[in-house]
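Single-structure report; data block below.
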Amino acid sequence: DTGVSQDPRHKITKRGQNVTFRCDPISEHNRLYWYRQTLGQGPEFLTYFQNEAQLEKSRLLSDRFSAERPKGSFSTLEIQRTEQGDSAMYLCASSPQLSQGRTDTQYFGPGTRLTVL
Amino acid sequence: AQSVTQLDSQVPVFEEAPVELRCNYSSSVSVYLFWYVQYPNQGLQLLLKYLSGSTLVKGINGFEAEFNKSQTSFHLRKPSVHISDTAEYFCVGGTSYGKLTFGQGTILTVHP
Numbered sequence: 260d261t262g263v264s265q266d267p268r269h270k271i272t273k274r275g276q277n278v279t280f281r282c283d284p285i286s287e288h289n290r291l292y293w294y295r296q297t298l299g300q301g302p303e304f305l306t307y308f309q310n311e312a313q314l315e316k317s318r319l320l321s322d323r324f325s326a327e328r329p330k331g332s333f334s335t336l337e338i339q340r341t342e343q344g345d346s347a348m349y350l351c352a353s354s355p356q357l358s359q360g361r362t363d364t365q366y367f368g369p370g371t372r373l374t375v376l
Numbered sequence: 162a163q164s165v166t167q168l169d170s171q172v173p174v175f176e177e178a179p180v181e182l183r184c185n186y187s188s189s190v191s192v193y194l195f196w197y198v199q200y201p202n203q204g205l206q207l208l209l210k211y212l213s214g215s216t217l218v219k220g221i222n223g224f225e226a227e228f229n230k231s232q233t234s235f236h237l238r239k240p241s242v243h244i245s246d247t248a249e250y251f252c253v254g255g256t257s258y259g260k261l262t263f264g265q266g267t268i269l270t271v272h273p
């Protein structure tokens, strides 16, 4: 079990640039989640996938943000035209799906820290 | 909508003393509650979880929490803390499909 991995671990970019982050979940987990954590706050839910289907998006996810999970395995989160307010830690988590649609523990990756200058 | 409130942003305590980190939740739907820990420069790790059944939940590293429906609380306790317990602790509410709502976090600092 290699756990959830995220790449890159750190990203520094200039305002207005596009960035893309990747998340590789634990292989048998069909649910994948993205969260954002700003300094001094707890993580906030952004979106989640069940297999390749994106089933919910938070209002935090503006139209500059897009997430995909094309083959139901890894996922990407893209931010277009980055703003300084996008600076945060972006966390990915995965979980298996239990019977009756219930979920189980989410396992978190180490996160990608984005700094927008 | 589900919300989670951690009542203390910082809790200093001496080594081997007991500690309680307080958490209140509000929800009108099924309740799933978790405590996650984030050690310095590390990712989030699950300490314990309440999905159903016994209201006293035991987790890793000697932590336990009690689900109290009447008081809408899920306080985390440890009878004797170690220096290595210094970390940020998050109380988390979850839906049946997995969307998590995190509290603001409590920084536990254990002093020698």
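Here the protein sequences come in this chain order: A and B. Just so it is clear: in the first sequence, position 7 is 266 by my numbering, and no numbers are missing. Just so it is clear: in the second sequence, position 80 is 241 by my numbering, and no numbers are missing. Backbone N, C-alpha and C define an ideal beta-carbon position, used for all residues, glycine too.
Comparing C-alpha positions only, which one of Asp345(A), Gln296(A), Asp363(A) sits nearest to Gly370(A)?
The residue given as residue 370(A) occupies position 111 in the first sequence. Considering only alpha carbons, the answer is Gln296(A).
Check the Cβ of Thr364(A) against every Cβ in chain B and list those closer than 7 Å, keeping chain order.
Locating residue 364(A) in the first sequence gives position 105, where the first residue counts as 1. For Thr364(A), the C-beta contacts it makes with chain B under 7 Å involve Leu207, Lys210, in order along the chain.
When we look at the beta-carbon of Glu181(B) and count the other beta-carbons within 10 Å, is it buried (16 or more) or exposed?
Sequence index remark: in the second sequence, residue 181(B) carries index 20 (1-based). So Glu181(B) counts as exposed.
Sheet register partners of Glu249(B) (DSSP bridge)
Locating residue 249(B) in the second sequence gives position 88, counting from the first residue. The bridge partners DSSP lists for Glu249(B) are Gln199(B), Ile268(B).
Which of the three DSSP states is assigned to Gly254(B) in this structure?
Here residue 254(B) corresponds to residue number 93 of the second sequence, with the count starting at 1. Here Gly254(B) sits in strand by DSSP.
Does any residue of chain B have a CB that is nearer than 8 Å to the CB of Phe304(A)?
The residue you call residue 304(A) lines up with position 45 of the first sequence. Chain B contact via Cβ: present.
Tell me the residue span of the beta strand (DSSP E) that contains Pro173(B).
Your numbering for residue 173(B) matches position 12 in the second sequence. Its beta strand (DSSP E) spans residues 171–175.
Counting only beta-carbon atoms, is Gly220(B) nearer than 8 Å to chain A?
Locating residue 220(B) in the second sequence gives position 59, where the first residue counts as 1. Under the Cβ distance rule, Gly220(B) does not count among the residues neighbouring chain A, no pair being separated by less than 8 Å.
DSSP puts Lys273(A) in a beta bridge; with which residues?
As a first step, residue 273(A) is located in the first sequence; it is residue number 14 there, counting from the start. The partner list for Lys273(A) (beta bridge, DSSP) is empty, contrary to what the question assumes.
With 16 other Cβ atoms within 10 Å as the buried cut-off, status of Ile338(A):
Looking up residue 338(A) in the first sequence gives position 79. Buried: at least 16 other Cβ atoms inside 10 Å.
Distance, Tyr197(B) Cα to Leu373(A) Cα
Position 114 of the first sequence, counted from the first residue, corresponds to residue 373(A). Position 36 of the second sequence, counted from the first residue, corresponds to residue 197(B). Approximately 23 Å, taken between the alpha carbons.
With 8 Å set as the bound, which would you pick, yes or no: does the beta-carbon of Glu311(A) sit closer than that to a beta-carbon of chain B?
Taking the first sequence and counting its residues from 1, the one referred to as residue 311(A) is at position 52. Closer than 8 Å: no.
My understanding is that Ala248(B) touches Leu237(B), with C-beta atoms under 8 Å, so please give their C-beta distance in whole angstroms.
Within the second sequence, residue 248(B) is the residue found at index 87, counting from 1. Within the second sequence, residue 237(B) is the residue found at index 76, counting from 1. Rounded to the nearest angstrom, the Cβ distance from Ala248(B) to Leu237(B) is 12 Å, too far for a contact under 8 Å.
Quick one: which chain A residues come within Cβ less than 9 Å of Leu261(B)?
Within the second sequence, numbered from 1, the residue matching residue 261(B) stands at position 100. What Leu261(B) touches in chain A: Tyr292, Tyr294, Pro302, Phe304, Ala352, Gln365.
Check the Cβ-Cβ distances between Gly331(A) and every residue of chain B, and say whether any is below 8 Å.
Reading the first sequence from its first residue, position 72 is the one you call residue 331(A). Not an interface residue.
Given a limit of 9 Å on CB to CB distance, which residues of the stretch 266–284 of chain A reach chain B?
Per Cβ criterion, the list is empty.
With 8 Å as the threshold, decide whether the Cβ of Glu315(A) is near any Cβ in chain B.
The count along the first sequence starts at 1 and reaches residue 315(A) at position 56. By this cut-off, Glu315(A) is an interface position.
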